[in-house]
Structure formats: structure tokens, C-alpha cells
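Protein chains in written order, with my numbering: chain A, 1 to 242; chain B, 1001 to 1242.
Heads up, the beta-carbon is just placed ideally off N, CA and C, and yes, glycines get one too.
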DNA sequence: AAGTGGTCTAGACCACTCT
DNA sequence: GAGTGGTCTAGACCACTTG
């Protein structure tokens, strides 16, 4: 039927379909974890052939927005789950026991200019700041400073810290309804300041690896700025290039 | 026509086709840079529908083995070209002028066990070892130690070093017929030994970033082990996770 | 104008998962 | 067995590149 006209947005019809489907997902028409309607149904609804809708869904799968499972269906992806910070570091006894977390401080204040800019906030905006220590067994391994935008993360600004558990992202979801969908980590090397060195039980000026993370939700808004510091000699990461 | 039987290797017919095409490419039926026959011709030759052959070629394109250009054809990829080592480092005046190279030494000797293992060589095999300095302007920036397997790279073991130019991979291709197709870089952190520090004009024990590279040709054989060292404070790298 | 890859369709059958 | 995504086909038209 619809023979000509490739359509408008990117270029191809399946590209446009992917954009449309992405919008419906972001607007919450199907919550994370839920199954989308069958390909046939979606194709009919949008008035395209089955293969075209498949192409669109495959695109969204490549982008990590949905997950396709043979014989079961197509599901909205439920964001980043685990504690992927430790993939940058090798601590001797890791892998045996899961890393634990301890919140060192929690306060509200204006952020440095680069942090505010990363979050898309005004330089004078008040944000939520967390300092956190991550441990393997009893050994302090990573020091983190985390900035969160404040109307959104108000539920974390009060209440008991003990009930938080070891992972933040599941907490973001339960308390604030925020799904972390994508993150960008910038790696560099530096030296520990005195206070940072103290909690990590290293000497001031000790070489450290710094991972600056910017995390985004499904809609593409930045919802977290995080700086992680760890002993440089424990750092290890592998990149494949083609 | 050929309705049933999904075929053997991986599972799908297009998967098997991709494997077959990969073999033909690796065996040199079409040299790097050359154009493959048209999809129609290949599909007819293998007795499959056009769409199936397209799927197979798309797969090879994803894997970086071929490159598809609209309206022109499908081409065997010519391997890694540039000097992608500098993507891990930010030196102030980089980007303005291209980095230069200076070979510090060239000799034949047995390699440490891990190097030999990485190259798939016996621990006692004699290999070609290069030490190289990379400069931006007149400023020494990176120090490299490069190990190459020896029957293959014999053409580099003799002759004038001045004619080598600033990039190794094009040289590998011209002199030895080796295409670097894929590489794996392992990033870690350490301190400069005395000799390394001297050529980089830094102090002994200065913090450094270490990039350990393992490079492979189209057939998947490791053809280079390289260790690159640079000032840790100049290191910078970004990872996107989903 | 001819040749290439890119998109779209319509319909068939296969493989997996759940009940 | 019913429903899902995965594969394959056959043929049409579109968009880009080159002579």
C-alpha cells in the first residue's frame, strides 16, 4: 500500500517508527519490565509491514531500550542494575564477597560549576550531595562523591540511612522512580587529598584513579554526577578496538 | 526453493553464509580494499535469496570485516590505519600538529614469558623488539616497547630506520603484508623505571599510565604485543555503558 | 543510464516458551 | 496448542554513485 515517501525524521520509515516507539516508551505507556504488544499488533497499529516494524524494534534493542526474547516477547529494559564501578578495579579479595557501602555524609548545598552544568542545573541550585565509602570485606576500596538533582531526589534527603542497602540504583528506582538507563564514565589519574586518603587508609598524595560518571535516565536527562576514587595500582580496564 | 533446514554451523543460514564469506576474505580471494561482487551475484552464487545474503554481509560489516557504501559497493576493510594511541592521552599541543615517532632501538631476542604467550610463540623463540618514542612537537610524550613475531616481520629487522615514517601499521602492510584488523588495549597504572623516565624527561618513579596492546590480523592471529607508557596526569579516556 | 546498496512489502515456515 | 520472536523468500521501488 504505502509505496513511496520514505518519511521525515531521520530518513527511513523504520527509523521514524523507532523514534515514535521510543517516545511512547519514555512517556511510560509501557513501564520498565513490561512486555510490548506483539510485532504483528504493532505493525498493524502503525500501518506498516511486519518486517518494517521488526527493523524498528531491532534498532531499539541495539540502543538498549528494549530487550527481545525469543518465544516470550519484547520487553522494556529495566535500567542498569548492579554495581558496575568495580569493573574498573581489581581488589585481591573481590569476587568472593560482594562489595559493601557506607554513607559518610549527606547534605544539601550548591554544587561546583562543572557538576551543576553536567546535571543541567543552575549554578546556584541546591543539590543533594552524598559521600560514600565502598568496602570489600573490611577493607576500604573506593571513595565516592555523588550529586543528585533536588526536587527529584527529595525522598533520599531524609530518613534512615541504614535501610539503604549496598546499591544506589535500585534505591533510586524504589524511592524516586528513577531508572538509570545509560552512563558515561571518564577515566583519569590524580592524587588523593588528605581527607580522601584518610578514609581509604592511604597516604595523602597517593596516586589514584578517578572515574567521573554522568548517568542518564531513559528520557536522556542527566540524573547523577559521581566521582569515584580508588588506588591507582588497583585500576585495570580493557578496551577492544576495531 | 530451499525451504526447511536452518543449516549447520552457528545456526541460521545467514550466519553460515557470513562464516563462508569470512573464510573467502581471509584466504585472500578479495584483497583488502577491493570490492566484493554485487549482492545479487553473491546471492545467486550461493543459491539464497537476496535478503539472506544481505543479512550475512550486514553481519560482516558489524564485525568490521567489510564496509558497505551506498551506491558504490561492499569493500574489504583495510584494517586500522592511524595512530590511535593518542586517544588515551591529552597533551596540550596535540591536535595542532601530528605526533612524530623516533625509533630508539631495534634488536632480536627472546621475549618475557607473557609476551611470548600473547604472541602464541614458544618462550625460547627469537622475536623482534623495538623501542620507540612518540613526540608532539619537540616534547617526548609516550614511550613504547613493541614485540613482533619473527619470520613474519623479518623485512623490518634490517634496512634504514629513517624511511619508516611516523606510523607503524602502514609500514606493517607495505613491508610485511600484515593488516592489523583488531586490537585489545589493557589499561593500568604504574611508575616509570629510570631508563623510561629519562627519555620522557620525567623523574624516576613518576606515575605513569600503561597501555598493553595485543593486535590481531584478519585471521585472528596475534601479530603484535606493545606496551605504551605516558605521564599519568595526561591520561584521559571515556567509556559509555548501557 | 547503469549499477550499487537501502528500504519496504507480503507471506511462509521455523524455533522457542508457556500453559 | 497457541503465541511469541527469528529466518527466509520473491519481488518492487528508492537513493546514491559513477561513467
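Take residue 1035(B), set aside five residues on each side of it, and the residues of its chain with a beta-carbon closer than 6 Å to its own are 1073 and 1075, in chain order. Under the three-state reduction of DSSP, residue 1120(B) is assigned to coil, being neither helix nor strand. Residue environment for residue 123(A): exposed (fewer than 16 other C-beta atoms within 10 angstroms of its C-beta). Secondary structure of residue 51(A) (DSSP, three-state): helix. When beta bridges are read from the DSSP output, residue 1231(B) appears opposite 1208(B). DSSP places residue 97(A) outside any beta strand (DSSP E), giving it a letter other than H or E. For residue 1143(B), the beta-bridge partners assigned by DSSP are 1133(B) and 1229(B). Closer than 8 Å to the CB of residue 1182(B) there is at least one CB belonging to chain A.
Rounded to the nearest angstrom, the Cβ distance from residue 79(A) to residue 179(A) is 4 Å, consistent with a contact under 8 Å. When only Cα atoms are considered, residue 227(A) and residue 1215(B) end up about 32 Å apart.
Contact of residue 1084(B) with chain A is assigned, a C-beta pair being separated by under 8 Å.
Residues of chain B with a Cβ closer than 7 Å to the Cβ of residue 91(A) do not exist, since the nearest Cβ in that chain sits about 14 Å away. Counting only residues of its own chain and dropping the five nearest sequence neighbours on each side, residue 1157(B) has a CB closer than 8 Å to the CB of 1106, 1108, 1128 and 1150. With respect to residue 104(A), residue 131(A) sits close: the two C-beta atoms are nearer than 8 Å. For residue 1026(B), the nearest beta carbon of chain A is not closer than 8 Å to its own beta carbon.
For residue 1064(B), the nearest CB of chain A lies under 8 Å from its own CB, placing it at the interface with that chain. Taking 8 Å as the upper bound on Cβ-Cβ separation, chain A lies near no residue of the segment 1108-1132 of chain B. Of the other Cβ atoms in all chains shown, 16 or more fall within 10 Å of the Cβ of residue 1115(B); this residue is therefore buried.
Taking the C-beta atoms as reference points, residue 1089(B) is found nearer than 8 Å to residue 1230(B). Per DSSP, the unbroken beta strand (DSSP E) holding residue 1239(B) starts and ends at 1236-1241. Residue 21(A) and residue 32(A) have their C-alpha atoms spaced approximately 14 Å apart. Distance from residue 1111(B) to residue 1147(B) at the Cβ level is roughly 5 Å; contact confirmed, criterion being Cβ atoms closer than 8 Å.
By the criterion of at least three beta-carbon pairs nearer than 8 Å, the segment 1172-1191 of chain B is not in contact with the segment 1037-1057 of chain B. Look at residue 218(A) here: in three-state DSSP terms it is coil, with no helix or strand label. The continuous alpha helix (DSSP H) containing residue 1023(B) extends over residues 1013-1026. Nearest CB-CB separation between residue 195(A) and chain B: not below the 8 Å threshold. For the options 1026(B), 1120(B), 1232(B) and 1218(B), the alpha carbon positioned closest to that of residue 242(A) is the one of 1218(B).
Residue 1041(B) carries a helical assignment under DSSP once its states are collapsed to helix, strand and coil. Around the beta-carbon of residue 1162(B), fewer than 16 other beta-carbon atoms lie within 10 Å, marking it exposed. Chain order gives the chain A residues near residue 1237(B) as 187, where near means a beta carbon separation below 7 Å.
Here residue 1185(B) is buried. Its C-beta has 16 or more other C-beta atoms within 10 Å. For the pair residue 195(A) and residue 1135(B), the Cα-to-Cα distance works out to about 37 Å. Across the structure, residue 28(A) and residue 176(A) are spaced so that their CA atoms are roughly 15 Å apart. CA-CA distance, residue 26(A) to residue 55(A), rounds to 19 Å.
In the structure shown, the three-state DSSP call for residue 1076(B) is strand.
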